Amino acid sequence: PHPETWWKDAVVYQIYPVSFLDSNGDGFGDLNGITSKLDYLQDLGVNVVWLSPIYKSPLADMGYDISDYRDIDPRYGTLDDWDKLLAGLHGRHMKLMMDLVVNHTSDEHAWFEESKSSKANPKRDWYIWRPPKYDADGNRRPPNNWKAQFQGSAWEYDETTDEYYLHLYHTKQPDLNWEKTEVRQAVWELMRFWLDRGCDGFRMDVINLISKVEGLPDAPITIPEDEYQDATEFYANGPRVHEFLQEMQNKVLSHYDIITVGETPFTHSASELARYVLPANKELNMVFQFELVDLDSPRTAQRMPFIHRPWKLSEFREIVGRWQRFKRDEGFWNAVFIENHDQGRSVTRWGNDADAWRVLSAKMLAMLEVTLGGTQYVFQGQELGLRNFLRSWGIEEYKDVASQNFYHEILEQRRKREGGGDEDSIDMSDIMDGLRMKARDHGRIPMQWDATGHAGFTTGTPWMRVNDDYPHWNAALQLDDTSSVRSFWKNALRLRNELP
Ligand code: TEU
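Heads up: the sequence shown is residues 2 to 501, going by full-length UniProt numbering.
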């Protein structure tokens, strides 16, 4: 046990609030739903709950687009409900971790509305604005060739001031300009707002993307037929990121006894990630590295994000082993996870979810996870062995903007290549195969509580279709069954706790 670094021994349970439990019948999960399930979580052996974003948001990227950092979206409840949830957790000696999404805001955030209103506005350079470029024919073009993570250009034109703003993700997620001292101060203040209200730590969304390379140069052309190019090397682990995080440590984190985990995509280099984690650098407790969950992605993942690549057990084992041994003596600390709200279900991807193997596969993966060194993360439904929904579900069942944009961009490309024509005549089966394994939607379907309508998730109409298997695959059945996946997880977590 590590009394002074309690977060090392923690079992963190990630809740995707919109899909956890709906207490008022509007089809969206909410804070009161979560509060009513705290005994379920405590019984499982959870010490910390991490909430994906519950702040005010137009939900263009399901809450990772925040329009007010200091309020709760009415679909999820109120600040009062949040206080009750916190009290319920603290009363059970559990802690609450919030999602900190500060690489970007929503375009509906007051800061952005001011910023876009005029070039003279004091908040103009809180975001990243650039004038258009013009090609030889006089057509208006974005300032550079960077591709957004959700397809298309990373720049959006705004008529008000005849300039483009940078958005690494959705057009409704403009990137904040961290070069600006006032922006950083505003972030430190909103962090203090939640910490002073009692929150016990942060998961920091894409925190390695906050510093962009000076001059925002064009990315090299890796795929000539594509209009926009992978530019991750110009914004992942950028020039000032460690300076910014040390400032955050100094101004905010060091004043509280909390847990911090950075999400650091597009980076498989362990030595690069060590800089965020090694205690001597005074930045974060740990990061989510993606080498393992990217194993079944093709090398062209920036272009074809949701395509599945066959993988070998030997590769899987090598990655796990290497990270377990990495710089242990210098205090590198792992975040152990295999699922989250951006991933297909582990039993489907890394095991076998057919009836004959599903329980065994889910238990095997649970055993792997709990026997690794690091802070343990469990994603909602993982403890039940929930699986991906079926290949037969049509594209309209996929609610994630990343799935939708990917599908439609490819559809459009193929239609052009075939000289226009009817959408239905275009073969998209490879894309549907990919989404069936890897879409973010599979982690986002409603929790399966019991065999009543909509799996007991809601009495209304769920915001997203419930998986078909819920009548025979749900928490109620598994709680009563000592040989279930849920019971295995509970015993495994208890064992882990008893034998550190
Ligand atoms: O995700 C970061 C991220 O880049 C990926 O894991 C993402 O799922 C992938 O690029 C999609 O193609 C974080 C959040 O976890 C995710 O839900 C948000 O959409 C994203 O940041 C933007 O805030």
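Virtual Cβ for every residue (Gly too), placed ideally from N, Cα, C. In this text, all values refer to a predicted model and were calculated from it rather than measured experimentally.
Distance from L80 to D72 at the Cβ level is roughly 7 Å; contact confirmed, criterion being Cβ atoms closer than 8 Å. Bounds of the beta strand (DSSP E) holding Q377 are T376 to F380. Beta-bridge partners assigned by DSSP to A336: T376.
Looking at R300, D138, L480 and A476, the one whose alpha-carbon comes closest to that of H269 is R300. Judged by DSSP in its simplified three-state form, S154 adopts strand. Selection D69, L369 and M448 evaluated against V102 yields D69 as nearest (Cα-Cα).
Boundaries of the beta strand (DSSP E) around W51: V49 to L52.
In this structure, the straight-line span from the alpha carbon of K364 to that of D356 is close to 14 Å. The DSSP-derived three-state label of D100 is strand. Within the DSSP bridge table, the entry for L177 names Y128 as partners. Per the DSSP secondary-structure output, G461 pairs with nothing in a beta bridge. Proximity to I320 across D330, N335, Y165 and R76 peaks at N335, based on C-alpha coordinates.
Per DSSP, the beta bridge partners of L167 are W156.
Counting other Cβ atoms within 10 Å of its Cβ, M368 stays below 16 and is therefore classed as exposed.
Your pair N48 and M95 checks out as a contact, with CB atoms roughly 6 Å apart and the cut at 8 Å. Y257 and W156 have their C-alpha atoms some 37 Å from each other. Just so you know, the alpha carbons of L210 and N104 end up roughly 7 Å apart. Residue N475 holds the alpha-carbon nearest to the alpha-carbon of H455 among L436, N475 and D482. Setting aside the 5 residues that flank it on each side, D431 is surrounded in the same chain by I308, each with a C-beta closer than 8 Å to its C-beta; the list follows chain order.
Listed in chain order, the non-local C-beta contacts of L196 below 6 Å within the same chain comprise Y257, local neighbours out to five positions each way being set aside. Within the DSSP bridge table, the entry for D442 names no partner. Under the 10 Å beta carbon count, E370 is surrounded by 16 or more other beta carbons and is classified as buried. For V253, the three-state secondary structure derived from DSSP is coil. At a cut-off of 7 Å, the beta-carbon of R441 counts as near the ligand TEU: some heavy atom of the ligand is closer than that. Looking from the CA of V348, the closest CA among H171, T161, K124 and M438 belongs to M438.
Measuring C-alpha to C-alpha distances from D425 to each of L254, V13 and E413 identifies E413 as the nearest.
K417 counts as exposed, since fewer than 16 other C-beta atoms from the protein chains shown sit within 10 angstroms of its C-beta.
In terms of side-chain proximity, the C-beta atom of E264 is found nearer than 7 Å to a non-hydrogen atom of the ligand TEU. Considered as a whole, the region 23–80 harbours 49–52 and 69–73 as its complete beta strand (DSSP E) runs of no fewer than 3 residues, in chain order. The shortest C-alpha to C-alpha distance from D27 to any of F458, D481 and H342 is the one to F458.
The C-alpha of P472 is placed about 9 Å away from the C-alpha of L478. A distance criterion of 7 Å places the beta-carbon of Q479 beyond contact range of the ligand TEU, judged by its closest non-hydrogen atom.
Looking at the DSSP output, R142 shares a beta bridge with K134. Linking T6 to T376 through their CA atoms gives a straight-line distance of about 11 Å. Rounded to whole angstroms, the Cβ separation of F245 and K213 is 12 Å, and the two are not in contact under 8 Å.
According to DSSP, I260 shares a beta bridge with G202.
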